[in-house]
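Sequential numbering from 798 applies to the sequence shown in my numbering.
Beta carbons: idealized from backbone N, C-alpha and C, even for Gly.
All remarks here apply to the structure that follows.
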Amino acid sequence: MRGVAGVWAGALLIGLGAWSGQAQELSGTEGLRLLQQEALPRWREYEQQADRWVGTAIYQNEVKQANGKQNRSRSRYVVRQSAAGGVFEHYLEDYEPWEEAGRGDFAYGVNSRYAFWLEKSLSGTKGGGGWQLRMIDEGGEGRSFRGSESDFSVWKTIRWMKYRGIDVLGKTLPELLEYQPFRVVGMRRVSREGGELWVVDFECPHAVDKPPPYFVQGGTMMLDSTGYWTLMEGRFRTQDIIGTGITEIRIEYKVDNGVPIPVRYYHTSSFSDGGESRMEYTYDWSVPARPLPESEFTLSHYGLPEPVGVVPPRRTPVYVWLLVAAGVLLTLAVVFRWLARRLRRGPSEG
């Protein structure tokens, strides 16, 4: 674990050293103005692009606790979404030691009438049972699923998975820019592989014992200004109620129609109590060819009964579409027949 973190830290420092000779530097005030005027509109556009994505993510995690205990896990996430609703699913595929695995598979969903939270208990063995309804929020987005002090919702969870390109350990770059303790210390422009990056040094001192929690106290991040000012790498100082730490991230992208879409996300942390962790996400995002129906985001989709008084959405029967098509064709035939008669009558009247 230390070896991986060391390699990343070394690469980060080497990169900074290699770029420093060709850097264009801005003061903190100048840098903040640049982010507000140029980066912020692009981040907003990027959010709109990311909102359209659906697909899967593979999450792998290795943790070494301060007492020397270690565990690792592998999970698969699935995101399905359209204007009709959305679903965020989690499947725990591996956990070592397995007998200590906590909550198993779960799914959050929302549609135009209710939100739901499903779980599968692992019961100490892989596979578990069927889906069980844990909570339902009729007419809402599931904000009550994790307590009244949380701003959790199904939509926020889905966006959390898709906003990696503009996420700084829990706050998106637009949110961080508007966060009162945040201030830019300085910025410098550098070039790498033909692209233009801005290295941003910032401070964000704040108490961490009040909700909602945010642990980043400052650090350095590298933004790609040639596209959507997305986050490429970062090194951040963190603090929680237990101690302090250092977290480093690195993101790899593919470009689709000019939009950088994350394909791999690396995250390593080391803590003052001796604990360490390493996380890696692999993404497969795409824009769906057609919108999904609301039936994809209901309890009945998972084999469970709908809430009392709620009629599950039904797809329009095929025969209805055939009747509509026949009516359209008949109308067109009448119109074309009328036009033909009028055209024949026109010359004779002339």
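Exercise. Considering only residues of the same chain and omitting the five flanking positions on each side of Arg-980, which have a CB-CB separation below 6 Å?
Worked result: Glu-1000
Exercise. Do Gly-852 and Val-876 have their C-beta atoms closer together than 8 Å?
Worked result: yes
Exercise. So what's Phe-903 in DSSP terms, helix, strand or just coil?
Worked result: strand
Exercise. Roughly how many whole angstroms lie between the Cα atoms of Ser-824 and Gly-983?
Worked result: In a straight line, the C-alpha of Ser-824 is about 5 Å away from that of Gly-983.
Problem set entry | Own chain, CB closer than 6 Å to Thr-969, minus 5 neighbours either side, in chain order | Tyr-960 and Ile-963
Exercise. Are the region 1022 to 1034 and the region 833 to 840 in contact at 8 Å, needing three or more beta carbon pairs?
Worked result: They touch, by the three-pair rule.
For this session: Using alpha carbons as the reference points, say which of Ala-847, Glu-1049 and Asp-1070 lies closest to Met-958.
Result: Ala-847
Exercise. Based on the DSSP output, what are the partners of Pro-1057 in its beta bridges?
Worked result: Looking at the DSSP assignment, Pro-1057 forms a beta bridge with Val-1052.
Exercise. Which same chain residues, not among the five before or five after Met-932, have their C-beta less than 6 Å away from its C-beta?
Worked result: Trp-914 and Phe-942
Exercise. Touch check for the region 1087 to 1098 and the region 1045 to 1059: three-plus C-beta pairs under 8 Å?
Worked result: Counting Cβ pairs under 8 Å, fewer than three are found: no touch.
Problem set entry | Complete runs of the beta strand (DSSP E) confined to the region 994 to 1074 [at least 3 residues] | 1013 to 1021, 1027 to 1036, 1041 to 1053 and 1056 to 1068
Problem set entry | Selected residue, minimal CA-CA separation from Leu-1096, among Asp-1070, Gly-883 and Met-1018 | Gly-883
Exercise. Which of the three DSSP states, helix, strand or coil, is assigned to Thr-826?
Worked result: helix
For this session: Please report how far the alpha carbon of Phe-1033 lies from the alpha carbon of Ser-918, in whole angstroms.
Result: Each residue's Cα considered, the two are about 36 Å apart.
For this session: Give me the Cα-Cα distance between His-1064 and Ser-1083, rounded to the nearest whole angstrom.
Result: 23 Å
Exercise. Taking Cβ positions only, does Val-1013 come closer than 8 Å to chain B?
Worked result: In summary, chain B is missing from the structure at hand, where a single protein chain is found.
Exercise. With which residues is Tyr-911 paired in a DSSP beta bridge?
Worked result: Glu-935
For this session: Please name the residue or residues paired with Lys-861 in a DSSP beta bridge.
Result: Gln-867 and Glu-1073
Exercise. Roughly how many whole angstroms lie between the Cα atoms of Glu-972 and Lys-861?
Worked result: 31 Å
For this session: Put Thr-1095 into one of helix, strand or coil per three-state DSSP.
Result: coil
Problem set entry | Distance between Phe-1068 and Tyr-892 (C-alpha atoms, nearest Å) | 22 Å
Problem set entry | Arg-985 and Glu-844 closer than 8 Å at C-beta | no
For this session: My understanding is that Gly-1100 touches Trp-928, with C-beta atoms under 8 Å, so please give their C-beta distance in whole angstroms.
Result: 7 Å
Exercise. What residues in its chain sit with their C-beta under 7 Å from that of Arg-1036, if we drop five residues either side in the sequence?
Worked result: It should be noted that the sequence gives Gln, not Arg, for residue 1036. Excluding residues within five positions, the ones whose Cβ falls inside 7 Å are Val-1005, Phe-1012 and Gln-1014.
For this session: Return the CA-CA distance between Gly-937 and Val-1105, expressed in angstroms with no decimal places.
Result: 16 Å
Problem set entry | Neighbourhood of Arg-869 by C-beta distance below 6 Å, restricted to the same chain and skipping five residues each side | Glu-859 and Glu-893
Exercise. Which term fits Gly-1071, buried or exposed, when burial requires 16 or more other beta carbons within 10 angstroms of its beta carbon?
Worked result: exposed
For this session: Give the range of the beta strand (DSSP E) segment to which Tyr-843 is assigned.
Result: Counting along the chain, Tyr-843 falls outside any beta strand (DSSP E), though it belongs to the alpha helix (DSSP H) covering 837 to 847.
Exercise. Hey, Tyr-1062 and Ile-1039: beta-carbon distance below 8 Å or not?
Worked result: One thing to note: Tyr-1062 has its Cβ no nearer than 8 Å to the Cβ of Ile-1039.
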